[in-house]
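Chains as they are written, first to last, in my numbering: chain A, 64 to 212; chain B, 64 to 212.
A virtual CB, placed ideally from N, CA and C, is assigned to each residue, including glycine.
A quick note: this is a predicted structure, and the numbers were derived from the prediction, not measured.
Structure first, then comments.
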DNA sequence: CCTAATCCTGTGCCCGGCTCACAGGTCAAG
DNA sequence: CTTGACCTGTGAGCCGGGCACAGGATTAGG
């Protein structure tokens, strides 16, 4: 419980896995954000371990919140970058979430369509028998299934 | 229009981009399936180009159909492998699509939840102003948004 | 004090399913 | 023969981390 300068204080610098556990994410994820320069832990000279303080914890919480809202890791870098230059990142945030939401809608309808095809296939195949492959047919289930709706 | 043996015949061996265009996919995609050994074009000795015949075309159509149904590339390898050993791949196909469908459902509900969060954020932010970052706040929109519904 | 065993870390490579960059070869026109 | 447009194979890159591994740090035991 001594700092490098010898003064008594509550321990604030934690190591990667301790912080990860506190945030409910994996150590690898924390390392990843460290690697790409989104957090800047201090390297402990004596053992080479990285030590994370409150600032890093807060930063990681921010990253988590943003990820939950569908921002990409790159988006978050942009947002952080603007904030660090003292600029309000809000306009960018608004613009980006519009984009990401649009993409999510897109992705959503593709997922629905895929699910529909898959369900149709499962239904269709339920009353069809297995068949050994022939020279020009790998799997008749797949090859004879055509989705037309 | 001469074969290597000098006989006259309709050209059947095509090159990567010709085949890709015919199938409506990218040349890179065809190259990818070639690289991982799902199709085996013949290497033209004189120019090093790979030449694709009907067999490869059929194989690629099969791969496309399977991908459309949500099978992973690895699934497809397994299916092809079984078929090539003369075994009916149908049981595997049925098992795999059940798995993939389940995953798609999972993914689907995650996508819905994400969309809901995003929409809620957009709504919430609509009547909130921009704010410059402070020492302990990167973006108040993101940090003050809590999804509780 | 030393040793052995266990824990923990940083680093670098790996994943899917392609896509892209690039160096160099090919082919038709002149 | 040369120019230049086109085409090819190969290797690397993408996201968002996950995983394996070697080796240092720390602890238990003596």
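Within chain B, the residues that residue i reaches when beta carbons sit closer than 7 Å
{"i": "residue 156 of chain A", "result": "202, 204 and 205"}
{"i": "residue 194 of chain A", "result": "151 and 153"}
Spatial distance of residue i from residue j (CA atoms)
{"i": "residue 85 of chain B", "j": "residue 136 of chain A", "result": "37 Å"}
{"i": "residue 196 of chain A", "j": "residue 142 of chain B", "result": "11 Å"}
{"i": "residue 179 of chain B", "j": "residue 121 of chain A", "result": "25 Å"}
{"i": "residue 158 of chain B", "j": "residue 89 of chain B", "result": "30 Å"}
{"i": "residue 47 of chain A", "j": "residue 176 of chain A", "result": "Because residue 47 of chain A is not part of the residues shown, which for chain A are 64 to 212, the question remains open."}
{"i": "residue 173 of chain A", "j": "residue 112 of chain A", "result": "44 Å"}
{"i": "residue 116 of chain A", "j": "residue 76 of chain A", "result": "5 Å"}
{"i": "residue 98 of chain A", "j": "residue 119 of chain A", "result": "13 Å"}
{"i": "residue 155 of chain A", "j": "residue 104 of chain A", "result": "27 Å"}
{"i": "residue 189 of chain A", "j": "residue 200 of chain B", "result": "56 Å"}
{"i": "residue 160 of chain A", "j": "residue 181 of chain B", "result": "7 Å"}
{"i": "residue 166 of chain A", "j": "residue 128 of chain B", "result": "25 Å"}
Chain-ordered neighbours of residue i on chain B, where CB pairs are closer than 8 Å
{"i": "residue 199 of chain A", "result": "121"}
{"i": "residue 88 of chain A", "result": "In chain order: nothing, as chain B lies at least about 17 Å away."}
{"i": "residue 130 of chain A", "result": "Near residue 130 of chain A there are no residues of chain B at all, since even the closest Cβ is about 10 Å away, more than 8 Å."}
{"i": "residue 178 of chain A", "result": "164, 167, 168 and 171"}
{"i": "residue 140 of chain A", "result": "Near residue 140 of chain A there are no residues of chain B at all, since even the closest Cβ is about 12 Å away, more than 8 Å."}
Close Cβ partners of residue i (< 8 Å) along its chain, the five nearest in sequence each way excluded
{"i": "residue 8 of chain A", "result": "Absent from the structure is residue 8 of chain A, since the part of chain A shown begins at 64 and ends at 212."}
{"i": "residue 106 of chain B", "result": "112, 113 and 114"}
Under 9 Å by beta carbon: chain A residues contacting residue i
{"i": "residue 190 of chain B", "result": "By Cβ distance, chain A contributes nothing, its closest Cβ being about 12 Å from residue 190 of chain B, past 9 Å."}
Proximal residues of chain A, C-beta to C-beta of residue i below 8 Å
{"i": "residue 174 of chain B", "result": "167, 170, 171 and 174"}
{"i": "residue 83 of chain B", "result": "Per Cβ cutoff of 8 Å: no residues; residue 83 of chain B is ~20 Å from chain A at best."}
Sequence-distant residues of its chain with Cβ nearer than 6 Å to residue i (five each side left out)
{"i": "residue 184 of chain B", "result": "208"}
Proximal chain B residues relative to residue i, where beta-carbon distance stays under 9 Å
{"i": "residue 185 of chain A", "result": "157, 160, 161 and 164"}
Contact list for residue i against chain A, beta-carbon separation under 7 Å
{"i": "residue 133 of chain B", "result": "177 and 181"}
Neighbourhood of residue i by C-beta, 7 Å cutoff - its chain only, sequence neighbours within 5 removed
{"i": "residue 126 of chain A", "result": "96, 101 and 139"}
{"i": "residue 93 of chain B", "result": "79, 82, 83 and 123"}
{"i": "residue 210 of chain B", "result": "180 and 183"}
{"i": "residue 152 of chain A", "result": "142, 145 and 146"}
- Task: Identify every run of the alpha helix (DSSP H) within the segment 110-158 of chain A, keeping only runs that are complete inside it and at least 4 residues long; order them along the chain.
- Result: For the segment 110-158 of chain A, whole alpha helix (DSSP H) runs of length 4 or above, ordered along the chain, are 117-131 and 136-147.
- Scan the segment 88-119 of chain A for residues whose Cβ lies nearer than 7 Å to a Cβ of chain B and list them as they occur along the chain. Under the 7 Å Cβ criterion, the segment 88-119 of chain A contributes no residue.
- At 3 residues or longer, and completely inside the segment 152-199 of chain A: list those beta strand (DSSP E) runs for me, N to C. You should have found no qualifying run.
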